[in-house]
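Per the numbering used here, the sequence shown starts with residue 247, numbered consecutively. Heads up, the thing below is written out as structure tokens.
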Amino acid sequence: MIEPTKIQPIYQGGVPAFVVIPFADFAREHPKEAAAIKPLHPRIPEGDAVPHEVVSMHIDRDITYLRAWREYLGLTQAEVAERAGITQAALSQMESEEAKLRKATREKLAQAMGLNPEQIT
Numbered sequence: 247m248i249e250p251t252k253i254q255p256i257y258q259g260g261v262p263a264f265v266v267i268p269f270a271d272f273a274r275e276h277p278k279e280a281a282a283i284k285p286l287h288p289r290i291p292e293g294d295a296v297p298h299e300v301v302s303m304h305i306d307r308d309i310t311y312l313r314a315w316r317e318y319l320g321l322t323q324a325e326v327a328e329r330a331g332i333t334q335a336a337l338s339q340m341e342s343e344e345a346k347l348r349k350a351t352r353e354k355l356a357q358a359m360g361l362n363p364e365q366i367t
């Protein structure tokens with residue numbers, strides 16, 4: 247049951263038309279519908295943790311963690327390359343190979359995507 251103090255009514259013409267409730271309450275009452283609602287910005291965990299979605303892309307689609315992270319974050323190769331100060335062609339090559347990235351390159355790419363360098367290894 248949702249606590250009445252957490253409900254925010256929205257009125258149209260002086261009559262209640264909608265209510266806004268905390269998402270946690272909505273998710274508890276409607277788990278399937280809540281699961282279908284995606285966050286506006288992907289979650290980047292602290293430390294060296296990697297979200298399940300990124301791991302799934304890496305395994306299911308057989309792509310590098312670098313590419314999986316970029317796609318998870320909704321970034322283009324051109325955006326990441328520009329932020330990292332490398333060419334798009336160089337990034338494309340890095341994404342298509344499982345070769346270990348040099349430490350300096352990994353750090354540049356991680357910073358360009360707002361990640362910890364260990365998250366893209």
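Where is the CB? At the ideal position from N, CA and C, for every residue including glycine. Nothing here was measured: the structure is a model prediction, and the numbers come from that model.
Per DSSP, residue i forms a beta bridge with which residues?
i           : result
residue 272 : DSSP output for residue 272 lists no bridge partner at all.
residue 257 : 262
Quick check: what's the CA-CA separation for residue i versus residue j?
i           : j           : result
residue 305 : residue 331 : 28 Å
residue 327 : residue 307 : 22 Å
residue 284 : residue 300 : 15 Å
residue 273 : residue 290 : 21 Å
residue 309 : residue 361 : 18 Å
residue 346 : residue 302 : 20 Å
residue 318 : residue 296 : 11 Å
residue 264 : residue 277 : 20 Å
residue 343 : residue 279 : 38 Å
residue 271 : residue 252 : 9 Å
Look up residue i in the DSSP assignment and say whether it is helix, strand or coil.
i           : result
residue 284 : coil
residue 309 : coil
residue 249 : coil
residue 314 : helix
residue 278 : helix
residue 346 : coil
residue 295 : coil
residue 366 : helix
residue 337 : helix
residue 322 : coil
residue 361 : coil
What whole-angstrom Cβ distance do residue i and residue j have, given they're in contact under 8 Å?
i           : j           : result
residue 312 : residue 341 : 5 Å
residue 375 : residue 268 : The structure shown has nothing for residue 375, since the chain only spans 247 to 367.
residue 365 : residue 315 : 7 Å
residue 350 : residue 334 : Actually they are not in contact, since the Cβ atoms of residue 350 and residue 334 sit about 19 Å apart, beyond 8 Å.
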